[in-house]
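Taking it in order: structure first as structure tokens, then the write-up.
Residue numbers (UniProt numbering): 1 to 176.
This is the structure we're talking about:
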């Protein structure tokens, strides 16, 4: 079998010397200047938050805004694993708080700086909260995209006998 003489040929990029070639406006137009296009930037109107009640929360949902009262707070001991005891990582502080309103209660997982805000008796607004599933039960959480705001104390009679975290859910595949 005859070998092709081009098999050993390697393509190398040609080194360019001198100034860059002039910019062609047909294919790559220059970027628009900031002073000419100021009216293009329109501010998007912010939507008013829609507050929901605790009994309306469902598994796997997110983006909830609600006002709740902290009933109880239990600190979760840190894990003692090899990764948790490394010197360059600071240990995560986690506490489980029972929060609720006049419709129901649910467990809220507070992490790090959120622990100080979730003191028993405090009234807080949870913005962009999500439902996490932990061992088949619902937990409320606020991640870095959400916010916890301590508000003025509001008289909320919390209905503690309807705890949504005590309901156990099971993942079921539905064939259609």
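All residues carry an ideal CB built from backbone N, CA and C; glycine is no exception.
Chain-order list of residues whose beta-carbon lies under 7 Å from that of residue i (same chain, five-residue window excluded)
{"i": "residue 75", "result": "95"}
{"i": "residue 59", "result": "131, 133, 138 and 169"}
{"i": "residue 37", "result": "Since pLDDT at residue 37 reaches only 49, below the 50 mark, its modelled position is unreliable, and the value read off the structure follows with that caveat. Cβ neighbours of residue 37 beyond the five flanking positions: none."}
Under 8 Å between C-beta atoms of residue i and residue j
{"i": "residue 55", "j": "residue 162", "result": "yes"}
{"i": "residue 156", "j": "residue 57", "result": "no"}
{"i": "residue 91", "j": "residue 77", "result": "no"}
Nonlocal neighbours in the same chain, by C-beta distance under 6 Å from residue i, ignoring five residues either side
{"i": "residue 125", "result": "67, 149 and 151"}
{"i": "residue 97", "result": "70, 73, 108, 110 and 118"}
{"i": "residue 123", "result": "69, 151, 153 and 154"}
{"i": "residue 142", "result": "126, 129 and 148"}
{"i": "residue 62", "result": "130"}
{"i": "residue 21", "result": "none"}
{"i": "residue 140", "result": "106, 108 and 129"}
Cutoff 8 Å; reference residue i; Cβ partners in own chain excluding five residues on either side
{"i": "residue 136", "result": "168, 169 and 170"}
{"i": "residue 51", "result": "65, 66 and 67"}
Rounded distance between the beta-carbons of residue j and residue i, thought under 8 Å
{"i": "residue 127", "j": "residue 65", "result": "5 Å"}
{"i": "residue 164", "j": "residue 104", "result": "5 Å"}
{"i": "residue 100", "j": "residue 159", "result": "7 Å"}
Do the segment 136-147 and the segment 117-124 touch if we need at least three Cβ pairs shorter than 8 Å? In short, these stretches do not touch, since the Cβ pair count stays below three.
What beta strand (DSSP E) runs, 3 residues minimum, are completely inside the segment 87-118? For the segment 87-118, whole beta strand (DSSP E) runs of length 3 or above, ordered along the chain, are 94-100 and 105-111.
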